[in-house]
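Here the protein sequences come in this chain order: A and B.
Under my numbering, the first residue of the first sequence carries the number 33, and numbering increases by one thereafter.
Under my numbering, the first residue of the second sequence carries the number 1484, and numbering increases by one thereafter.
C-beta atoms are modelled at their ideal positions from N, C-alpha and C, and glycine is treated no differently.
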Amino acid sequence: ILNVEQSPQSLHVQEGDSTNFTCSFPSSNFYALHWYRWETAKSPEALFVMTLNGDEKKKGRISATLNTKEGYSYLYIKGSQPEDSATYLCAPLGSGGSNYKLTFGKGTLLTVNP
Amino acid sequence: EAEVAQSPRYKITEKSQAVAFWCDPISGHATLYWYRQILGQGPELLVQFQDESVVDDSQLPKDRFSAERLKGVDSTLKIQPAELGDSAMYLCASSFVPAGETQYFGPGTRLLVL
Chain A
33 ILNVEQSPQS LHVQEGDSTN FTCSFPSSNF YALHWYRWET AKSPEALFVM
83 TLNGDEKKKG RISATLNTKE GYSYLYIKGS QPEDSATYLC APLGSGGSNY
133 KLTFGKGTLL TVNP
Chain B
1484 EAEVAQSPRY KITEKSQAVA FWCDPISGHA TLYWYRQILG QGPELLVQFQ
1534 DESVVDDSQL PKDRFSAERL KGVDSTLKIQ PAELGDSAMY LCASSFVPAG
1584 ETQYFGPGTR LLVL
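Right under this line is the structure:
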């Protein structure tokens, strides 16, 4: 089982602020990194799947980078909007016995105040 | 847009009772996952199916939990008897292929055991 750390645990920002969170994971036994956004009362929604060191992905105002050598990924949100309020989960894919599976962090809870 | 369906959305039961959750994955997705998310933690994989076969159930408490996917389509997760510590969100997800592929989540079943 991988040790996945996400920071901060929660944060509050004002509308229009840019923000970023961190996901740390063991650099060994790494195959891919998933980011999900989970709004209250909705289904977790996939944001990115990243595999290569130095990968950068972008979806609208949200972007992510990956450093597999040091075992971290950053998620950035530019110009936060109230609809960005959600829990952001990261999950590295690693091998566990005969299966490859995701190990989720505890998430970062983002609240964007209008 | 195709979605993963889960029912019920909420379930309140007393300890020692039996409960069952149902999941219908996106059509054509061969891989189905059941996760449990305890408050304050990230989702944890309980069981993974490839078609009708169990690929990974290493974290499933087999003395009280069972899961089946008889025809390789929808799936049922059962708890008998339920314990107070089983109170959690139970998430179902599916993917076209296992490992690394984006997983699509349902809205979850919130279980409260009294």
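request  = Check the C-beta distance from Q1489/B over to G1555/B and give it rounded, since I have them as a contact under 8 Å.
outcome  = Not a contact, Cβ separation roughly 18 Å.
key: Proximity of M1572/B and L1594/B at Cβ, strictly below 9 Å   = In contact: M1572/B and L1594/B (Cβ atoms closer than 9 Å).
request  = Report the option in V1530/B, T1559/B and S1536/B whose CA atom is closest to the CA atom of K10/A.
outcome  = For chain A, the structure presents residues 33 to 146; residue 10/A sits outside this window and is missing.
task = Answer with buried or exposed for H66/A, where buried requires no fewer than 16 other C-beta atoms within 10 angstroms of its C-beta.
result = buried
query = Should the region 1498-1506 of chain B be regarded as contacting the region 1544-1563 of chain B, the criterion being three or more beta carbon pairs within less than 8 Å?
reply = yes
ask   = By the criterion of Cβ-Cβ separation under 9 Å, what are the contact partners of F1588/B in chain A?
value = Residues of chain A passing the Cβ test: Y68, W70, S75, P76, E77 and A78.
key: Whole-number beta carbon distance between C122/A and Q38/A, since they are thought to touch under 8 Å   = Approximately 6 Å separates the beta-carbon atoms of Q38/A and C122/A; this is inside 8 Å, confirming the contact.
ask   = Could you give the uninterrupted runs of the beta strand (DSSP E) lying entirely in the region 1529-1583 of chain B, keeping only those of 3 residues or more?
value = 1536-1539, 1548-1551, 1558-1562 and 1571-1578
message = What would DSSP say about P124/A, mapped onto helix, strand or coil?
response = Of the three classes helix, strand and coil, the one that applies to P124/A here is strand, per DSSP.
Candidates K1494/B, Y1518/B, H1512/B and E1486/B, of which the one nearest S1541/B by Cα = Answer by Cα proximity: Y1518/B.
task = Kindly indicate the opening and closing residues of the beta strand (DSSP E) around Q41/A.
result = Segment: none, Q41/A is in no beta strand (DSSP E) and carries neither H nor E.
message = Just verifying my parser: in three-state terms, what is the DSSP assignment at D1507/B?
response = Looking at D1507/B - three-state DSSP - the assignment turns out to be strand.
ask   = In the region 76-105 of chain A, which residue ranges form an unbroken alpha helix (DSSP H) of at least 4 residues, counting only runs that do not cross its ends?
value = Counting whole runs of 4 or more residues, the region 76-105 of chain A contains no alpha helix (DSSP H) stretch at all.
query = Who are the neighbours of Q1524/B on chain A, taking C-beta pairs under 7 Å?
reply = K138
message = Looking at the secondary structure, which residues open and close the beta strand (DSSP E) in which V144/A lies?
response = From DSSP, the beta strand (DSSP E) with V144/A extends over T140 to N145.
task = Identify the continuous beta strand (DSSP E) that holds S1490/B and give its terminal residues.
result = A1488 to S1490
Beta-bridge pairing of T54/A - partner residues as DSSP gives them = Note: T54/A sits in a beta bridge opposite S39/A and Y106/A.
ask   = What does A64/A pair with, by DSSP beta-bridge criteria?
value = L125/A
request  = Indicate whether at least one CB of chain B lies closer than 9 Å to the CB of L43/A.
outcome  = no
query = Which same chain residues, not among the five before or five after V1580/B, have their C-beta less than 8 Å away from its C-beta?
reply = A1513 and T1514
message = Just to confirm, is the Cβ distance from S112/A to T51/A under 9 Å?
response = Result yes, Cβ atoms of S112/A and T51/A sit closer than 9 Å.
inquiry  = At the level of alpha carbons, what is the spacing between E77/A and E1497/B?
reply    = If I take the Cα positions, the gap works out to 32 Å.
key: N-terminal and C-terminal residue of the beta strand (DSSP E) that L34/A is part of   = Note, L34/A: premise wrong, no beta strand (DSSP E); not H, not E.
query = For K138/A versus G1568/B, is the C-beta spacing smaller than 9 Å?
reply = no
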